[in-house]
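Numbering (the numbering used here), first residue to last: 5 to 228.
Next up, the structure:
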């Protein structure tokens, strides 16, 4: 899954991004409220991690904008303040959870996955197409019950395609899901990842195929 991190402490943001990347959670990081409002409209996120003390205001003030763009999206507030009053303010402002700094990356990961599983944004956390099953929260894919080992970008592409199985996913939507806001990509990078993914699915007898839709994007469907 891909999450949005709104945090202006660069060292902490980098540590969170690196830790979650190792756990198959992709992170787009922005440092201001205005950047957050832009990001939530441009990409599809499952959860938002939100710091309070941002350069252009209190992070809590952006929660209504996040929910207006993506109704029901879970929000975890990150803050150095551990007082009960601060926690109550965050929850009253609409946050779903609260984590005081410093925190364990394992605990953060567990909270992210728990919120994602319960979120209305994640209508189901496991999808089966053909012989392929993917857990949309942990990003674990299996074929015939056996793990399918894929690099993170291929997993993100597979997630996007499986969620819309039988429908064409536009190229720009795939780029946003796979690469997010913060990565510069070559024009054929997506095609390369899709090509590798198609080969692996075929080799393992997944019972699905990924077909290009000329001038639009890609479509995943079961094989005849």
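The beta carbon of each residue, even a glycine, is placed where N, CA and C say it ideally should be.
For residue 21, the closest alpha carbon among the candidates 193, 199, 219 and 113 is that of 113. The beta carbons of residue 7 and residue 49 sit about 6 Å from each other, so the pair counts as a contact at 8 Å. Pairwise C-beta distances place the segment 47–62 in contact with the segment 29–36, as three or more of them are shorter than 8 Å. In this structure, DSSP gives residue 166 a helical state, which the three-state scheme calls helix.
Residue state for residue 74 is assigned as coil, using DSSP reduced to three classes. Just measuring C-alpha positions, the residue of 88, 135, 215 and 98 sitting nearest residue 72 is 98. Taking a C-beta distance under 7 Å as the contact criterion, residue 122 and residue 141 do not qualify as a contact pair. Three or more beta-carbon pairs separated by less than 8 Å link the segment 164–173 to the segment 212–225, which places the two stretches in contact. A straight line joining the alpha-carbon of residue 100 with that of residue 82 spans about 11 Å.
Our two residues, residue 77 and residue 115, have alpha carbons roughly 14 Å apart in a direct line. For residue 155, the secondary structure class from DSSP, reduced to helix, strand or coil, is coil. A distance of 7 Å or more separates the beta carbons of residue 55 and residue 88. Across the structure, residue 106 and residue 84 are spaced so that their CA atoms are roughly 7 Å apart. Taken through DSSP and simplified to helix, strand or coil, residue 81 comes out as strand.
In this structure, residue 80 sits near residue 103, with a CB-CB distance shorter than 7 Å.
When the five nearest sequence neighbours on each side are left out, the beta carbons in the same chain lying within less than 8 Å of the beta carbon of residue 134 are those of 210, 211, 212, 226 and 227, in order along the chain. Collapsing the DSSP output to three states places residue 58 in a strand. Contact between residue 64 and residue 44 does not hold, since the beta-carbon distance rounds to 15 Å and is not under 8 Å. The C-beta distance from residue 154 to residue 181 rounds to 14 Å, too long to meet the 8 Å contact threshold.
Under DSSP, residue 130 takes part in a beta bridge, and its partners are 139.
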